Amino acid sequence: MISVVVPLYNEEENLDDLYGRLTTTLSATGQPYEIVLVDDGARDATPMLIDRLSNRDPRIIALHLSRNFGHQPAVSAGLDHARGDIIVVIDGDLQDPPELIPSLIEKWRQGFEVVYAVRRRREEAWPKRLGYFVFYRLLNAISDMEIPLDSGDFCLMDRKVVTVLNHLPERMRFIRGLRSFVGFRQIGLEYDRPPRGAGSPKYTFRRLLGLAIDGLISFSGRPLRLATYLGMAAVGVASALLIWIFHDAFAYGKSPAGWASTAVIVLFMGSVQLLSLGIIGEYIRLIFLEVKGRPTYIVRDDPPGAQVDPTRERDHP
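Here it is, written out as structure tokens:
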């Protein structure tokens, strides 16, 4: 069976079109399927539309979270409740074309256990495209593992891959990073990402920045080493300036004029210290959130016939 996991937050304008395109595409495969629609605490008519579709079509699994937990926890909830032999994760804004799913399945039939979609071109504003371009390359540069460039959460995963993902202990989840971490046979499939179907993007700049920082911190310890290197560089610069001042004082009897040099040194050292504290603070924040052991998400009502592994239930109620 094919399971399709769709995280949704205020997508009332896209839901009917998404449902029509998904059912048409999946029916054409000739395989049984289910569509897990995850309501991530939406404030518009999305929950009502999900329930309406679920009541009309038994292949629709309506999953309502108790509040807005965020995109990654919503994906985790869908993966925990998906029952298929293969699981497709796709966003609900129609920027991930459902028509690509048969191509993902074909790659799976060739023996690949993870097939991730790679964005060859994006129909978005240039600042956002530039931000994504820099993020993926920075992440790859400092990460302890290779994370495919320009690949999002749109992918197909074999059941055994999803089982491993669901049992990973992290509560702060960066799905595309964890997908790379678990390994298995993976391959990318390029596509041109179309513009959003309708409505406005739900990922604000602040949320995108938070996701980027979580991804960088979760999969690399190198930012901590960067803080060490910056501290060493600051000590080196300060030492060189001190030697220069003493040299001028003893060799030429000159003392540095004014407070400009002192102000520059203090500003430089203070900036390095604040940057280092910020990096350390991000790691402490991540540790703090993990050790509290709070669930990644909370389901308001389990859908009828839900089958969730009890072990996962403890980690993700």
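Each step along the sequence shown adds one to the number in the numbering used here, with nothing skipped, and position 87 is 68.
No residue lacks a Cβ here, since even glycine has one placed at the ideal position from N, Cα and C.
As the structure is a prediction and not an experimental result, all values here were calculated from the model.
Thinking just about the alpha-carbon of each residue, which of M138, D(-2), P150 and I82 is nearest to the one in L270?
Checked all of M138, D(-2), P150 and I82; the closest Cα to L270 is P150.
Would the segment 17 to 32 count as touching the segment 78 to 95 if we require 3 or more Cβ pairs under 8 Å?
Segments in contact, no.
Output the boundary residues of the alpha helix (DSSP H) element that contains P28.
Per DSSP, P28 belongs to the alpha helix (DSSP H) from T27 to R37.
Residues in its own chain within less than 6 Å of P79 by CB, not counting five upstream and five downstream?
Here the set comprises R2, L3 and T6.
What beta strand (DSSP E) runs, 3 residues minimum, are completely inside the segment 244 to 273?
Fully enclosed beta strand (DSSP E) runs of 3 or longer: not present.
Looking at the unbroken beta strand (DSSP E) that takes in Y278, where does it start and where does it end?
Unbroken run through Y278: none, as it is neither H nor E.
DSSP on Q78, reduced to helix/strand/coil?
Strictly speaking, residue 78 in this sequence is Pro, with Gln absent from that position. P78: coil per DSSP, three-state reduction.
For R281, which residues from the same chain have a beta carbon less than 7 Å from its beta carbon, with the 5 sequence-adjacent residues on both sides left out?
So the qualifying residues of the chain are H45, L46 and S47.
Compare the C-beta of P276 against all C-beta atoms of chain B and say whether one is closer than 7 Å.
This model lacks chain B altogether; it includes just one protein chain.
Pick helix, strand or coil for L119, following the three-state DSSP scheme.
It is helical.
Within the same chain, show all residues whose beta-carbon is closer than 6 Å to that of F93, passing over the 5 residues directly before and after it, in chain order.
Excluding positions up to five away in sequence, the list reads R166 and I168.
Can you give the Cα-Cα distance for L327 and D131, rounded to whole angstroms?
Residue 327 lies beyond the range of the chain shown here (-18 to 298); nothing can be said about it.
Per the DSSP calculation, V70 is bridged to which residue(s)?
DSSP output for V70 lists V(-14) and C136 as bridge partner(s).
Below 6 Å CB to CB, which residues in the same chain sit around H52 once its five sequence neighbours on both sides are set aside?
The residues are P(-12).
Tell me whether G133 is buried or exposed, calling it buried when 16 or more other Cβ atoms sit within 10 Å of its Cβ.
Buried: at least 16 other Cβ atoms inside 10 Å.
Checking 7 Å against the spacing of the C-beta atoms, do I41 and Q12 come in under that value?
It is not a contact, given that the beta carbons lie outside the stated cut-off.
With a threshold of 8 Å on Cβ separation, who are the neighbours of A215 within its own chain once the five nearest residues in sequence on each side are excluded?
The residues are F249, M250 and V253.
Which value, in whole angstroms, describes the spacing of the CA atoms of I16 and V145?
The alpha-carbon atoms of I16 and V145 are separated by roughly 21 Å.
Measure from the alpha carbon of R24 to the alpha carbon of each residue in N49, D72, L60 and C136, then state which is nearest.
Nearest option by C-alpha distance: N49.
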